[in-house]
Amino acid sequence: MYPTSRPRRLRTTPAMRRLVSETTIEPRQLVLPVFVKEGATEPVPISSMPGVVQHSRDSLRKAAAEAVAAGVGGIMLFGVPATRDARGSAGADPDGVLNVALRDVRAEVGNDAVVMADTCLDEFTDHGHCGLLDEQGRVDNDATLAAYAELAVAQAESGAHVLGPSGMMDGQVGVIREALDVAGHTDAAILAYSAKYTSAFYGPFREAVDSQLQGDRKTYQQDPANVREALREATLDLAEGADMVMVKPAMCYADVLRSVAEISDVPVAAYQVSGEYAMIEAAVANGWLDRRRTVLETLTSIRRAGADVVLTYWAVQAAGWLAR
Ligand code: PBG
Numbered sequence: 086m087y088p089t090s091r092p093r094r095l096r097t098t099p100a101m102r103r104l105v106s107e108t109t110i111e112p113r114q115l116v117l118p119v120f121v122k123e124g125a126t127e128p129v130p131i132s133s134m135p136g137v138v139q140h141s142r143d144s145l146r147k148a149a150a151e152a153v154a155a156g157v158g159g160i161m162l163f164g165v166p167a168t169r170d171a172r173g174s175a176g177a178d179p180d181g182v183l184n185v186a187l188r189d190v191r192a193e194v195g196n197d198a199v200v201m202a203d204t205c206l207d208e209f210t211d212h213g214h215c216g217l218l219d220e221q222g223r224v225d226n227d228a229t230l231a232a233y234a235e236l237a238v239a240q241a242e243s244g245a246h247v248l249g250p251s252g253m254m255d256g257q258v259g260v261i262r263e264a265l266d267v268a269g270h271t272d273a274a275i276l277a278y279s280a281k282y283t284s285a286f287y288g289p290f291r292e293a294v295d296s297q298l299q300g301d302r303k304t305y306q307q308d309p310a311n312v313r314e315a316l317r318e319a320t321l322d323l324a325e326g327a328d329m330v331m332v333k334p335a336m337c338y339a340d341v342l343r344s345v346a347e348i349s350d351v352p353v354a355a356y357q358v359s360g361e362y363a364m365i366e367a368a369v370a371n372g373w374l375d376r377r378r379t380v381l382e383t384l385t386s387i388r389r390a391g392a393d394v395v396l397t398y399w400a401v402q403a404a405g406w407l408a409r
């Protein structure tokens, strides 16, 4: 009695396995998220993200050069300002930490990597919300849109190739597109955080940006229970002119990623967020998981689920492993 089909034949040798492997990851498909802290004279470690730092201007330039040398496709910048206010004014200020850092990074890398900016207010507001608040303390969608337009133009003027609106306000992509075009930035692209869930996995990021948030983001970020809503959000962003769409977090949302990839006619990104990084690093530190194998398996899975581009704090390390 012989089995009629033997899938194991295709697993017999490394050469055979290599020949039939379906999913690849290349450094060019990875984006490194980075934090830059106003006034820092040297990098400040982030305790919940071992190996990740809040950069000084100098260390950020070095990190950007290192990422380009490793073949990483893009860099996503987040700013950590020294002072915050209710309107998040430091965001659009040309001398604000993120805009200064964008100019520094563009001076360093030119067009050798895609330079992206987080287009959101939460790092800059003293209440920590992603939008402006009304008199009752609720996030005011439409007032926020005007602030995002200003922020996006300032970031494009500072050299961002890509704007990444991450605040989940209705209409944000359309308003930003219009503002960029009117200001002459017709080539600046929009990476829409289309399906961004209200996730426990953002925990370490809050430390990374010294977040001031009390409460939660449940009135604007999506309920982890919902997938139809993600398709609705992505469809709206595509209609409003998104050049790429993103699903975030990545690992627990592979089904969402697959569904969005099926309807998207633009490249799809996934963000492997701070908590995904932290939990694997914690297990690695305990000797419970092998870093290289685990990270490459997660990145492969995210690609297999439908991501063209992956934002990951391991971008440079992974690029090094992939080059070997
Ligand atoms: C908000 C923003 C967040 C992240 C990226 N952009 C935090 C949040 O929505 O609470 C999280 C990224 C991560 O956890 O790695 N501007």
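For the sequence shown, this note's numbering begins at 86 and goes up steadily by one. Note that the Cβ used here is the ideal one computed from N, Cα and C, for glycine as well.
Pull up the distance between the alpha-carbon of residue 251 and that of residue 203, whole angstroms please.
Taking C-alpha positions only, residue 251 is separated from residue 203 by approximately 7 Å.
Distance, Cα to Cα, residue 241 vs residue 206?
Each residue's alpha carbon lies about 16 Å from the other.
heavy atom of the ligand PBG below 7 Å from residue 215 C-beta
yes
Starting from the Cα of residue 395, find the closest Cα among 135, 178, 320, 118 and give me that residue.
118
Would residue 149 and residue 194 qualify as a contact pair, given that the criterion is a beta-carbon distance under 8 Å?
Taking the C-beta atoms as reference points, residue 194 is found nearer than 8 Å to residue 149.
Closest by CA to residue 124, which one among 161, 384, 185?
185
Leaving out the 5 sequence neighbours to the left and right, which residues in its chain are closer than 8 Å to residue 362 when beta-carbon positions are compared?
134, 137, 289, 397, 398, 399
In chain order, what residues have a CB nearer than 5 Å to some heavy atom of the ligand PBG?
205, 207, 251, 287, 290, 358, 359
Opening and closing residue of the beta strand (DSSP E) in which residue 203 lies
199-204
Whole beta strand (DSSP E) runs in the stretch 266-318 with 3 or more residues, listed along the chain?
274-281
Residue interval of the beta strand (DSSP E) (run including residue 139)
138-140
Straight-line CA distance for residue 161 to residue 187?
10 Å
Keeping to the same chain, check which residues put their C-beta closer than 7 Å to that of residue 287; ignore five residues upstream and five downstream.
Result list for residue 287: 358, 359, 360, in chain order.
What's the gap between the Cα of residue 197 and the Cα of residue 114?
14 Å
Going by beta carbon distance, what residues of the same chain come within less than 6 Å of residue 153, once the five residues before and after it are set aside?
194, 197, 198
Answer yes if the stretch 302-317 comes into contact with the stretch 374-391, meaning at least three C-beta pairs across the two stretches below 8 Å, and no otherwise.
The stretch 374-391, when compared against the stretch 302-317, does not touch it at the 8 Å Cβ threshold.
By alpha-carbon positions, which one of 219, 151, 273 ends up nearest to residue 234?
273
Rounded straight-line distance, which links the Cα of residue 279 to that of residue 338
13 Å
Mind checking which residues open and close the alpha helix (DSSP H) that includes residue 387?
376-390
Report the three-state DSSP secondary structure of residue 210 (helix, strand or coil).
strand
To the nearest angstrom, how far is it from the Cα of residue 318 to the Cα of residue 352?
Near 15 Å, if we compare the C-alpha coordinates of residue 352 and residue 318.
Are the beta-carbon atoms of residue 262 and residue 326 separated by less than 8 Å?
yes
Local conformation of residue 160 per DSSP, three classes:
Of the three classes helix, strand and coil, the one that applies to residue 160 here is strand, per DSSP.
Could you check whether residue 332 and residue 355 sit closer than 8 Å to each other, using their CB atoms as the reference points?
A Cβ-Cβ contact shorter than 8 Å links residue 355 with residue 332.
Taking the alpha-carbon positions, what's the residue 121 to residue 301 distance?
24 Å
Beta-carbon contacts of residue 296 that lie in its chain and below 8 Å, excluding the five residues immediately before and after:
207, 208, 213, 290
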